[in-house]
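Undergrad: Got a structure here, written out as structure tokens. Questions coming.
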Amino acid sequence: MAGATLELESVTRRFGPVTAVDRTDLVIEQGEFFALLGPSGSGKTTLLRIIAGLERPDEGRVLIAGREVTDLPPYGRNVGMVFQNFLLFPHKTVAENIVFPLRMQKAPRAHRDEQLKWALSLLRLDGLGERYPNELSGGQQQRVALARGLIARPSLLLLDEPLANLDRELRSEMEVEIRRYQKQLGIPFIYVTHNQEEALTMSDRIAVMRNGRFEQIGAKTEIYTNPASAFVATFVGHANRITGGIAAIEGGYARIDWGGGSILAPHPAAARCGSGVSYFVKHEDMEIHGAGLNGKRQDGTNQLAGTLRDIIFKGQTANYIVALPTGEDIVVSGTPRAAVARPNDAVIVSWPIDAGACFPREDA
Amino acid sequence: MTGMSLRAASRRRPGLRFAALVAPGVLFIVIGLMLPLLAIVVFSFWRTQSYELYPDWSFDNYRTLFGEAAYRTFFLRSLVTAVLVTAICLVCGWPVAYFIARHGGRYRLLLVLLLAAPFFTGVILRIAALQGLLGPVGLINMGLNVVGLPPIEALMYTKLAAGLGLVYLFIPFMVTAIYLSLVNFNFELLEVAKINGARPWRAFIEITWPLNWIGTAIGMVLVFIPCLANAVTPRFLGGPEATSLGMSLSGQFGETGTWALGSAMGVFLFTVSLLAIFCLAPTIRLKRSGFTGASL
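Taken in sequence, the protein lines are chains L and S. Residue numbering for the first sequence follows my numbering, starting at 188 and increasing by one per position. Residue numbering for the second sequence follows my numbering, starting at 27 and increasing by one per position.
Structure (structure tokens):
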């Protein structure tokens, strides 16, 4: 048997004139934590519902564990799912909620009890079995939903923004826990979210989705450091965007004329001399220096002069907001202790010419 | 007491404000419902002669009611009719309510209002209209006559016709009660059930039915109790074979003028209705109905 747990072949789903999912191919391997990242309306939830069998694709095929399930109803697929609003059965106790999938499979009682005990202890719900969902906290409800999704050992667990309704502290705690369960059980998780931090924290691979298509699929570090499009560059991480035109191509670099300055950037594959480009540099790739550096050109870096407008202290890091002579702001992220300047001081922003990514300007 | 002083008083004693808010309703119920009911209970132990009530306390009326075969037949007929009509309304009403709640979309409100359309006219008129449909010179049988077929005798002044009339009269209550429950039901739970391995029917039994049981039970009570006491429908549609206890009861207060016996019948029907509610009550467990709130 092939190792792939899930295969999507050219899956398409339209709602009237809107194509929610557009000829999407995807292969999910055994034991993988996969995140579908995209803004709302990008089609990620529709794609998840197609995998679950709650929506039928207009075109394409869905295969789970090598078996074609495109036309199978959800109850034939052996897939677990966890929802944003928990969706526990309010009239059933925690224990009844959790064993529901096993009861539907007509599993023997002894097996059910054993699995229930396992799930309760895995998700630290011991002693809550007789409670009703409305007697639990949000975090506990979400863990019950996870237990219900996992108890039947599905071949795939789908999670639709499961942490969106939890408060921040609980969310970061659950992020770590969910990843731990996934690694412990080896069941592939497909995790839908619009929150890049969640996707980056938890997953192994990320697909960035937009307008029903994948903009980029890859390992999360790859997505983060080598965005494949301007959209991915803006959506993942925090980046400064500089738009300009290519003045010259020098070796592997493009010289971008911009607001009186000129910047060297990695050469975009599709751009020719004279074409407009958007150039993205992550906040943390930039460094800030006192004005004393001015004039001392360092090899292999770009430099821009500006005025430090404000420092936004964030704890572990601080964001330095630098106003450029052109009137634009650039954000530089650094350690707060590295503060070399105070607001209104003249500063230099520098970054390696290999950092950042350059894309042909999208005409919009 | 002026408004100001009442407000001042209620601030001092919240009990007074509560009393002021509750009193009109309580008074209305006591005067309009409890007193007549009490009067009926008292009358049922009295005696009527020549259209006059005499306070001679005895169990004679109940002895007559339970002793005479005719009354027993009337009661059993009423009971069986009420049970059957409730069952038919339940089976026919659920899909209608479900359809409106689930697929009504923007026409949902309109469809629900249409359920109330029959109420724009009085009961008698509606029953008369039904007579015009089912009776010997009604639409159905005249239509059959025109195409040369014999009339359907079962529809002409029979128990079946009376039962159909009752279903027609009371099904809106059933549909409305179930609908009101279903509009508060989170249909996403069905998707969850299906993902977790439940087939559609199983999902209905596990999720939809228990979570809408209170609404359904209310619908059943709303149909069963008036059906049990109904007098008008069998009178107009039922013919001689369909006399119900309610019909006989209204006779006691009307033509025969035996108020005391009629009161005993009323007390008996009231007791049976209460019994029916008590039978249903244990099935209603608030936690098991999800009443304490979905997790949304």
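For each residue, glycine too, the CB sits at the ideal point set by N, CA and C.
Is there at least one Cβ from chain L nearer than 8 Å to G21 (chain S)'s Cβ?
TA: Any question about residue 21 (chain S) goes unanswered here, given that chain S covers just 27 to 322.
Undergrad: In the DSSP assignment, the beta strand (DSSP E) including H476 (chain L) goes from what residue to what residue?
TA: Taking the first residue of the first sequence as 1, we reach residue 476 (chain L) at position 289. Run containing H476 (chain L): 474-477, per the beta strand (DSSP E) assignment.
Undergrad: Check this for me: beta carbons of T147 (chain S) and A268 (chain S), under 8 Å apart or not?
TA: Looking up residue 147 (chain S) in the second sequence gives position 121. Looking up residue 268 (chain S) in the second sequence gives position 242. Cβ atoms of T147 (chain S) and A268 (chain S): not closer than 8 Å.
Undergrad: With a threshold of 8 Å between beta carbons, is Y378 (chain L) in contact with chain S?
TA: On the first sequence, residue 378 (chain L) is found 191 positions in, with the first residue counted as 1. No, Y378 (chain L) does not count as interfacial toward chain S.
Undergrad: Could you tell me the distance, in whole angstroms, from the CA atom of A188 (chain S) to the CA atom of A46 (chain S)?
TA: For the purposes of this step, residue 188 (chain S) is identified with residue 162 of the second sequence, where counting begins at 1. For the purposes of this step, residue 46 (chain S) is identified with residue 20 of the second sequence, where counting begins at 1. One C-alpha to the other measures close to 46 Å.
Undergrad: Quick one: does S321 (chain S) have its CB under 8 Å from some CB of chain L?
TA: Stepping through the second sequence from its first residue, residue 321 (chain S) is reached at position 295. For S321 (chain S), the predicted structure reports a pLDDT of 37, less than 50, and the residue's modelled location is therefore unreliable. A value from the coordinates is still provided. Chain L contact via Cβ: present.
Undergrad: Taking Cβ to Cβ, would you say V193 (chain S) is nearer than 8 Å to I66 (chain S)?
TA: As a working note, residue 193 (chain S) is residue 167 in the second sequence. As a working note, residue 66 (chain S) is residue 40 in the second sequence. Result no, Cβ atoms of V193 (chain S) and I66 (chain S) do not sit closer than 8 Å.
Undergrad: Cutting at 6 Å between CB atoms, please list the residues of its own chain near P121 (chain S), excluding the five before and the five after it.
TA: Position 95 of the second sequence, counted from the first residue, corresponds to residue 121 (chain S). If we look at P121 (chain S) and ignore the five residues flanking it on each side, it has no Cβ neighbours.
Undergrad: Do L346 (chain L) and I377 (chain L) have their beta-carbon atoms positioned less than 8 Å apart in this structure?
TA: The count along the first sequence starts at 1 and reaches residue 377 (chain L) at position 190. The count along the first sequence starts at 1 and reaches residue 346 (chain L) at position 159. For I377 (chain L) and L346 (chain L), yes; Cβs fall inside 8 Å.
Undergrad: Roughly how many angstroms separate the alpha carbons of T284 (chain S) and M168 (chain S), rounded to a whole number?
TA: In the second sequence, counting from the first residue as 1, residue 284 (chain S) sits at position 258. In the second sequence, counting from the first residue as 1, residue 168 (chain S) sits at position 142. Computed Cα separation, rounded: 41 Å.
Undergrad: Starting from the N-terminal side, write out each stretch of the beta strand (DSSP E) that is 3 residues or longer and does not extend beyond the stretch 78-111 of chain S.
TA: Taking only runs of at least 3 residues, the beta strand (DSSP E) segments lying wholly in the stretch 78-111 of chain S are 78-80.
Undergrad: Would L208 (chain S) and A123 (chain S) qualify as a contact pair, given that the criterion is a beta-carbon distance under 8 Å?
TA: Translated into positions along the second sequence, residue 208 (chain S) becomes position 182. Translated into positions along the second sequence, residue 123 (chain S) becomes position 97. Contact: yes.
Undergrad: Could you check how far apart the C-beta atoms of A452 (chain L) and C545 (chain L) are, in whole angstroms? I think they sit under 8 Å.
TA: Taking the first sequence and counting its residues from 1, the one referred to as residue 452 (chain L) is at position 265. Taking the first sequence and counting its residues from 1, the one referred to as residue 545 (chain L) is at position 358. At roughly 4 Å, the Cβ-Cβ gap stays under 8 Å, so A452 (chain L) and C545 (chain L) are in contact.
Undergrad: Check the C-beta distance from N272 (chain L) over to N352 (chain L) and give it rounded, since I have them as a contact under 8 Å.
TA: As a working note, residue 272 (chain L) is residue 85 in the first sequence. As a working note, residue 352 (chain L) is residue 165 in the first sequence. About 6 Å; that satisfies the 8 Å criterion.
Undergrad: With 8 Å set as the bound, which would you pick, yes or no: does the beta-carbon of I204 (chain S) sit closer than that to a beta-carbon of chain L?
TA: Your numbering for residue 204 (chain S) matches position 178 in the second sequence. No, because no Cβ of chain L sits closer than 8 Å to the Cβ of I204 (chain S).
Undergrad: Please report the distance separating the alpha-carbon of E196 (chain L) from that of E219 (chain L).
TA: Taking the first sequence and counting its residues from 1, the one referred to as residue 196 (chain L) is at position 9. Taking the first sequence and counting its residues from 1, the one referred to as residue 219 (chain L) is at position 32. E196 (chain L) and E219 (chain L): Cα-Cα distance of roughly 19 Å.
Undergrad: Spatial neighbours of A551 (chain L) within its chain, please: C-beta separation below 8 Å, excluding the five flanking residues on both sides.
TA: The residue given as residue 551 (chain L) occupies position 364 in the first sequence. Low confidence applies to A551 (chain L): its pLDDT is 38, below 50, so where it sits in the model is not reliable enough to give any reading.
Undergrad: Let me know if A386 (chain L) comes out buried or exposed under the rule of 16 or more other beta-carbons within 10 Å of its beta-carbon.
TA: Position 199 of the first sequence, counting from 1, holds the residue named residue 386 (chain L). Per the 10 Å Cβ criterion, buried.
Undergrad: Do G424 (chain L) and Y440 (chain L) have their CB atoms nearer than 8 Å?
TA: By one-based count along the first sequence, residue 424 (chain L) stands at place 237. By one-based count along the first sequence, residue 440 (chain L) stands at place 253. Cβ distance not < 8 Å, so G424 (chain L) and Y440 (chain L) don't count as in contact.
Undergrad: Reducing DSSP to helix, strand and coil, say where T504 (chain L) ends up.
TA: Position 317 of the first sequence, counting from 1, holds the residue named residue 504 (chain L). In this structure, T504 (chain L) counts as coil in the three-state DSSP scheme.
Undergrad: Please confirm whether D472 (chain L) and W538 (chain L) have their CB atoms less than 8 Å apart.
TA: By 1-based counting over the first sequence, the position of residue 472 (chain L) is 285. By 1-based counting over the first sequence, the position of residue 538 (chain L) is 351. For D472 (chain L) and W538 (chain L), yes; Cβs fall inside 8 Å.
Undergrad: Does I233 (chain S) get closer than 8 Å to chain L when you measure Cβ to Cβ?
TA: Reading the second sequence from its first residue, position 207 is the one you call residue 233 (chain S). It does; some Cβ of chain L falls within 8 Å.
Undergrad: Which residues of the stretch 258-278 of chain L have a Cβ closer than 9 Å to any Cβ of chain S? Give them in chain order.
TA: Those residues of the stretch 258-278 of chain L that come within reach of chain S (Cβ to Cβ, closer than 9 Å) are P260, P261, Y262, G263, R264, N265, V266, G267, M268, F270, N272, F273, L274, L275, F276, P277, H278.
Undergrad: Determine, for E217 (chain S), whether the minimum Cβ-Cβ distance to residues of chain L falls below 8 Å.
TA: Numbered from its first residue, the second sequence carries residue 217 (chain S) at position 191. Yes, its Cβ sits closer than 8 Å to a Cβ of chain L.
Undergrad: From M291 (chain S) to V106 (chain S), what distance separates their C-alpha atoms?
TA: Along the second sequence, read from residue 1 onward, the residue named residue 291 (chain S) stands at position 265. Along the second sequence, read from residue 1 onward, the residue named residue 106 (chain S) stands at position 80. The straight-line gap from Cα to Cα measures roughly 17 Å.
Undergrad: Could you name the residues of the same chain whose beta carbon sits closer than 7 Å to that of D212 (chain L), not counting the 5 residues immediately before and after it, in chain order?
TA: By one-based count along the first sequence, residue 212 (chain L) stands at place 25. Excluding residues within five positions, the ones whose Cβ falls inside 7 Å are L195, E196, S197.
Undergrad: Using a C-beta cutoff of 8 Å, does S315 (chain S) count as contacting chain L?
TA: As a working mapping, residue 315 (chain S) is identified with position 289 in the second sequence. For S315 (chain S), the answer is yes, since a Cβ of chain L falls inside 8 Å of its Cβ.
Undergrad: Just checking my contact of A252 (chain L) with G399 (chain L) at CB under 8 Å: how many whole Å lie between their CB atoms?
TA: Working through the first sequence from its first residue, we reach residue 252 (chain L) at position 65. Working through the first sequence from its first residue, we reach residue 399 (chain L) at position 212. Not a contact, Cβ separation roughly 26 Å.
Undergrad: Which of helix, strand or coil does DSSP assign to C545 (chain L)?
TA: Within the first sequence, numbered from 1, the residue matching residue 545 (chain L) stands at position 358. Three-state result, C545 (chain L): strand.
Undergrad: Under a three-way DSSP split, which group does G193 (chain S) fall into?
TA: By 1-based counting over the second sequence, the position of residue 193 (chain S) is 167. It is Val, not Gly, that sits at residue 193 (chain S) in the sequence shown. Correct three-state label for V193 (chain S): helix.
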